[in-house]
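*Asks:* One structure is given below, represented as structure tokens, and several questions about it will come after.
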Amino acid sequence: MAKRRKKKRTQPKSVVDDGSQKVPKTFVFVRGDVGDSVRALMLDFRKVMEPNTAANLKEKRSNKLKDFIAMSGPLGVTHLLVFSTTDLGSYCRLLKAPHGPTLTFRIVQYSLAKDVLASQKRPHAPGSEFLTAPLVVLNNFGEQENHVKLMSAMFQNMFPPINVQQVVLSNCRRVVLLHRNKDTGTLEFRHYAITASPLGISKNIKKVVQARIPKLNNLEDV
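In my numbering, the protein residues as written are 36 to 257.
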């Protein structure tokens, strides 16, 4: 009598790995009384760090810094950006949770996103740019001093790493530029939107291509 054949699984079970454990996440918040301008700057930084940040984080006066650090572990938060103001000026602290290191920067000057849009002749209306993390470009961070290498590592680890072989160009919609001025020792933090523009065509044709043309299928004459 023939034995009953048992079917063996020929394909391995699929394992879902979205890489969420490797993606850096941030808390961006203020400490103390900072004023409306610095609070608006903090909200701009939250926008820069999207989508891997707590966009609707609400801080209270009773919250201590250790409260945010304690919550960073269960939520997978790796970095904290803390804005504060004293009699000497405004500051931004970058902390690596949960045990450091910590970088402290004094804010010399800044421009809010709304001010930049108001100064542009043709401001760019954001759409789906904030659904993916920005690219990071570091300039003048190639020196071997320990503090420069520490800053470079901290800034790079704030954002998800890029796999050149798997990156989708359509997802590269923003870029963060960090420029280090060797003479003054200051850092410039800039946030740009990446747009595509057709090349090799006349100016008039470019306007037609880039314009939003309404549907004309229901019209008999133009």
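Don't be surprised by glycine CBs; every beta carbon is placed ideally from N, CA and C.
Please read these numbers as outputs of a predicted model, since none were measured by experiment.
#1: Counting only the same chain and skipping the five closest in sequence on each side, list residues whose C-beta sits under 6 Å from that of V83.
#2: Drop a sphere of 10 angstroms on the beta-carbon of Q56, count the other beta-carbons inside from all chains shown, and report buried for 16 or more, exposed for fewer.
#3: Leaving out the 5 sequence neighbours to the left and right, which residues in its chain are closer than 6 Å to F194 when beta-carbon positions are compared?
#4: Looking at the secondary structure, which residues open and close the beta strand (DSSP E) in which K116 lies?
#5: For R208, count the other beta carbons within 10 Å of its own beta carbon; 16 or more makes it buried, fewer makes it exposed. Which is it?
#6: Any idea if H159 is buried or exposed, counting beta-carbon neighbours within 10 angstroms, 16 or more meaning buried?
#7: Looking only at its chain, what residues have a beta carbon closer than 7 Å to the beta carbon of Q46, apart from the 5 residues adjacent to it on each side?
#8: Taking just the CA atoms, how far does T139 sit from K156?
#9: Whole angstroms is fine: what's the gap from K184's alpha carbon to L173's?
#10: F103 to N175, Cα distance in whole Å?
#11: Grab me the residues of R44's own chain with a C-beta within less than 6 Å of its C-beta, minus the 5 sequence neighbours each way, in chain order.
#12: Does the contact criterion of 3 or more C-beta pairs under 8 Å hold for the stretch 106-123 versus the stretch 56-72?
#13: Could you check if R141 is buried or exposed, using at least 16 other CB atoms within 10 Å of its CB as the buried criterion?
#14: For the alpha helix (DSSP H) that contains V151, what are its first and last residues?
#15: Measuring straight from C-alpha to C-alpha, what distance separates L76 and D150?
#16: Considering only residues of the stretch 172-222, which uninterrupted alpha helix (DSSP H) runs meet the minimum length of 4 residues and lie entirely inside it, listed in chain order?
#17: Quick check: A90 and P161, are their CB atoms within less than 8 Å of each other?
#18: Could you please give me the residues that DSSP links to V63 through a beta bridge?
*Replies:* Taking the coordinates as given:
#1: Answer for V83: H226, listed in chain order.
#2: Residue confidence is low: Q56 scores 49 on pLDDT, short of 50, so the model does not pin down where it sits. Its coordinate-derived value is still stated next. It counts as exposed.
#3: A168, V171
#4: The sequence given here places Leu at residue 116; Lys does not occur at that position. For L116, the enclosing beta strand (DSSP E) starts and ends at 114-121.
#5: buried
#6: exposed
#7: Any reading at Q46 needs caution, since the residue's pLDDT is 41, under 50, leaving its predicted position unreliable; the model's value is listed next. There are no such residues.
#8: 35 Å
#9: 11 Å
#10: 32 Å
#11: Unreliable placement is indicated for R44, whose pLDDT of 47 sits below 50; no coordinate value is reported for it.
#12: yes
#13: exposed
#14: 148-154
#15: 11 Å
#16: 181-192
#17: No, these two residues do not count as a Cβ contact at 8 Å.
#18: L116
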